[in-house]
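Just below is one structure, and these are the notes that go with it.
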Amino acid sequence: MDMERGAACYRQWIAGQEAGLAELEAALANAGATDAELRAVVERCMRGYQDYVAGRRAVSPHDGTAFIAPPWCTAFERSVLWLGGCRPTVAIRLLYNLSGEGLEAQLEELINGLGPMGPLPVGSMGITPGQMVLVTDLHRRTLLQENVLSDRLATLHEDIADQPLFPIVRQRAAPAAQPRAGGGDCDGPVGPPGGAGRGAVDAEVDAAFNSYRAAMAQLVAEADDLRMATARAMATEILTPRQAVEMLAAAKQLHLSVRDWSCRAEGAQPQPNGPRVVPANGTSAAARRNP
Amino acid sequence: MEEICCEVAAGSSSSDRKGEGVGDAGSRAARRRRMEIRRLRVVAEEQAAKRRRLEGDDGEEEEDAVRDPAPRYGVTSVCGRRRDMEDAVTARPGFIHGHHFFGVFDGHGCSHVATSCGVRMHEIVAEEAAAAAAGSSASDEAARWRDVMEKSYARMDAEAVGSRDTTGPAPTCRCEMQMPKCDHVGSTAVVAVVGPRHLVVANCGDSRAVLCSGGAAIPLSADHKPDRPDELERIHAAGGRVIFWDGARVFGMLAMSRAIGDSYLKPFVISDPEVRVVERKDGEDEFLILASDGLWDVVSNEVACKVVRACLRNGAVRRGERSSPTSNLSPRQSSGSSSGDEEAGPSDGAASDSDGEGGEDKACAEAAILLTKLALARQTADNVSVVVVNLRRRRRS
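In the order they appear, the protein sequences are chains A and B.
For the record, in the first sequence the residue sitting at position 38 is 38 according to the UniProt record's numbering, with numbers rising by one throughout.
For the record, in the second sequence the residue sitting at position 78 is 78 according to the UniProt record's numbering, with numbers rising by one throughout.
This is the structure in structure tokens:
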């Protein structure tokens, strides 16, 4: 796949995340915002996710491999990725934590009997019992679907030692029993000299690789769908518009902070061609958020 | 905890009053096999009412039932921070005529033992209670219930251990009933039967039942931890060892000393319940909480009781008003959704509050959910299941 375009796509998304966070925070700060206005903000945010996913897919429709551990992410980001993004259930864990914010203080009031007339403690975000029911239900469904995809990823991993790749490996290894000069690393020639040039070994190996690439692209696409479906169910079906804005803002905050801090910790702004120092335009997450 | 243990071990208050009916059980056995774990539910109370009507057969029992409609209750069960749901909960008002069954089952190793407890335990208890009522002349109500519970737990354990041999629908649990992993699966079981005059609590494992009565939080069960002195002694006497490995564990493996299932740790881990039968004290008894350790690990008995009391008090006040505490739900919720039967909308509360029938109750459900939220806010790492049963009898007007 085209690494430059993949990286550009991600950079663009990060910039979009920052702009989106600003918009969500502004909406939250506006106490007079109507539900319709808030709903529009939520919808724009959801469309941002959708656009990123679609754009990424367009960059590499038949090869999902680069999205599994993208070189344009920090090592830390890569380590928490699941099929090219966050686990869908992360949204639910996030909500569990948001729903508990402010709860202890409100409980204290309730228990100390500052009037039985007051509302029941719902935490500062105001997640109601009815919503908890729906969140739990969503959690259960999402977990099941997530596990199904994880199992398929595991199978794909194991397939590496199987048809169609492994027979080719055996076949090529047999006549090449004599010592090899160039070693086996990616820098040296793997296939016969004078092969297909950069990015290709030979037609047979390419075909084998491409079947894995395509299977991975399919898995990433399905994972994207599940992430979107979970976020959308949460933001538009379970939460009120204001709660949805709050949750989406928290999610963006989390993502950008993890990126920002891991960039700093790893001492570099990750770029597609390996670690580099300062981005030319100075508008990256790290530069903008840490003047 | 030791104090509690001693209290339970020393026996329980009991009564020899007779007259509680033990109704037919067999006809219900096949009914409602639906596995209702893993979700918060609002059990349709009409069903409970219908069941009670169907089962109201003879005079004395009828009288009890009229005097004692099913208690209001609320149930929650959430996966929380775990990726496996291994808790199961059961609420069966009127499972025996005039008696109401509540249970929390916290599985370990896999979910299937807890699941079968959730599906079967109340049926087994009903059958054993029917057999006890028909066959025995024992005058002591408490002794009879103790016997019923002991037999029920033994049967449940045998079923759980033997279930992999039965040919049924393909198991959907994680272990898929494969030996030997299947041997290492078990569940806690805390069961409460609320009768017209008694509360019966049976427990095996580290889930817990707490009664709030006269303003005090009274544990009706004592967690079966391997380092509980009497349990430690029992395990040693059987030739077992308790090893401290991430807490006290039987042979370094199971962090509880009694459980349904876990055949690989028998006879050190046993399925015998400790049973308490206490007389209900109208005017003092407020409510009963059953919960898995996902709650009790982070919320004390006392705090739990305070939270529930505040919720029930709040609910009682609110009932007098025309307020709608869920009015800020999104349109989908108020109009019903794919999970529609779970939605405790304002109308549900109003219905169960106004007609004097028992069943799922808004204030109890809110209390159960609030406890669950509190446990999550306090970073519980486990599944959380909570049952709240309001013990205040309602006047029928």
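Ideal Cβ positions, reconstructed from N, Cα and C, are used throughout, including at glycine.
Cβ closer than 8 Å: which chain B residues qualify as neighbours of residue i?
| i | result |
| --- | --- |
| GLY123 of chain A | LYS373 and ALA377 |
| MET132 of chain A | LEU40, THR76, VAL78, ILE369, THR372 and LYS373 |
Can residue i and residue j be called in contact, C-beta distance under 9 Å?
| i | j | result |
| --- | --- | --- |
| GLY186 of chain B | ALA259 of chain B | yes |
| THR115 of chain B | ALA365 of chain B | no |
| ALA289 of chain B | VAL201 of chain B | Ala is not the amino acid found at residue 289 of chain B; the sequence shown has Ile there. It is not a contact, given that the beta carbons lie outside the stated cut-off. |
| LYS252 of chain A | LEU81 of chain A | no |
| ALA310 of chain B | ILE111 of chain A | yes |
| LEU98 of chain A | MET125 of chain A | yes |
| LEU226 of chain A | LEU153 of chain A | no |
| VAL135 of chain A | MET234 of chain A | yes |
| ALA160 of chain B | GLY294 of chain B | no |
| LEU391 of chain B | VAL194 of chain B | yes |
| LEU370 of chain B | VAL317 of chain B | no |
| PHE105 of chain B | ARG92 of chain B | no |
| MET156 of chain B | CYS212 of chain B | no |
| GLU101 of chain A | GLY85 of chain A | no |
| LEU199 of chain B | VAL278 of chain B | yes |
| GLU108 of chain A | ALA377 of chain B | no |
| VAL113 of chain B | GLU128 of chain B | no |
| CYS79 of chain B | ASN383 of chain B | yes |
Determine whether the Cβ of residue i lies closer than 9 Å to any Cβ atom of chain B.
| i | result |
| --- | --- |
| ASN210 of chain A | no |
| GLU246 of chain A | no |
| MET46 of chain A | no |
| ARG232 of chain A | no |
| MET228 of chain A | no |
| ASN97 of chain A | yes |
| ARG5 of chain A | no |
| ARG93 of chain A | yes |
Along chain B, which residues have their Cβ under 7 Å away from the Cβ of residue i?
| i | result |
| --- | --- |
| GLU104 of chain A | ALA377 |
| GLY100 of chain A | LYS373, LEU376 and ALA377 |
| LEU107 of chain A | VAL307 and LEU374 |
| residue 308 of chain A | For chain A, the structure presents residues 1 to 291; residue 308 of chain A sits outside this window and is missing. |
| THR56 of chain A | Checking the sequence, you will find Arg at residue 56 of chain A rather than Thr. Within 7 Å Cβ-Cβ: nothing; ARG56 of chain A doesn't reach chain B, min ~27 Å. |
Since residue i is in the alpha helix (DSSP H), which residue starts that stretch and which ends it?
| i | result |
| --- | --- |
| GLY98 of chain B | It is not in any alpha helix (DSSP H) - GLY98 of chain B carries neither H nor E in the DSSP assignment. |
| TYR96 of chain A | 90 to 100 |
| PRO129 of chain A | 129 to 159 |
| ARG72 of chain B | Per DSSP, ARG72 of chain B belongs to no alpha helix (DSSP H); it is in the beta strand (DSSP E), 72 to 78. |
| PRO167 of chain A | 165 to 173 |
| ARG39 of chain A | 35 to 59 |
Taking residue i as the query, report the chain A residues whose CB atoms sit under 7 Å from its CB, ordered along the chain.
| i | result |
| --- | --- |
| ASN390 of chain B | Here the premise fails: no neighbours, minimum Cβ distance about 16 Å. |
Against chain A, does residue i count as a neighbour if the rule is that its beta carbon must be under 9 Å from one of theirs?
| i | result |
| --- | --- |
| VAL303 of chain B | yes |
| CYS311 of chain B | yes |
| VAL298 of chain B | no |
| ASN314 of chain B | yes |
| ASP382 of chain B | no |
| GLY26 of chain B | Any reading at GLY26 of chain B must be qualified, since the residue scores a pLDDT of 36, below 50, and its modelled position is unreliable; the value itself is stated next. False, the Cβ-Cβ gap to chain A never drops below 9 Å. |
| ALA48 of chain B | Because the pLDDT at ALA48 of chain B is just 44, under 50, the model does not fix this residue reliably, and the point stays unresolved. |
List, in order along the chain, the chain A residues whose C-beta lies closer than 8 Å to that of residue i?
| i | result |
| --- | --- |
| CYS79 of chain B | THR136, HIS139, ARG140 and LEU143 |
| GLU366 of chain B | LEU120 and PRO129 |
For the beta strand (DSSP E) containing residue i, list its first residue and its last residue.
| i | result |
| --- | --- |
| ASN390 of chain B | 384 to 390 |
| GLU286 of chain B | 285 to 291 |
| GLU279 of chain B | 274 to 279 |
| LEU211 of chain B | 208 to 213 |
| LEU199 of chain B | 198 to 204 |
| ARG264 of chain A | Taken as a continuous stretch (DSSP letters only), ARG264 of chain A belongs to no beta strand (DSSP E), being part of the alpha helix (DSSP H) at 241 to 265. |
| ALA235 of chain A | Run containing ALA235 of chain A: none; DSSP gives neither H nor E here. |
| ALA190 of chain B | Note that residue 190 of chain B corresponds to Val in the displayed sequence, not to Ala. Segment 189 to 194, the beta strand (DSSP E) holding VAL190 of chain B. |
Looking at the ligand MG, does it come within less than 8 Å of residue i, judged from the CB to the closest heavy atom?
| i | result |
| --- | --- |
| ASP224 of chain A | Looking for the ligand MG in the displayed structure turns up nothing, as the structure carries no ligands at all. |
For a contact defined as C-beta to C-beta under 9 Å, what are the partners of residue i on chain A?
| i | result |
| --- | --- |
| ARG83 of chain B | THR89, LEU143, GLU146 and ASN147 |
Show which residues of chain E have a CB atom less than 7 Å away from the CB atom of residue i.
| i | result |
| --- | --- |
| ARG259 of chain A | In the displayed structure, chain E is absent; the protein chains listed are A and B. |
Chain B contacts from the region 13 to 24 of chain A (Cβ-Cβ distance under 8 Å): Cβ proximity to chain B below 8 Å picks out nothing from the region 13 to 24 of chain A.
Where the region 148 to 176 of chain A meets chain B: residues whose CB sits under 9 Å from a CB there: Residues passing the 9 Å Cβ filter: none.
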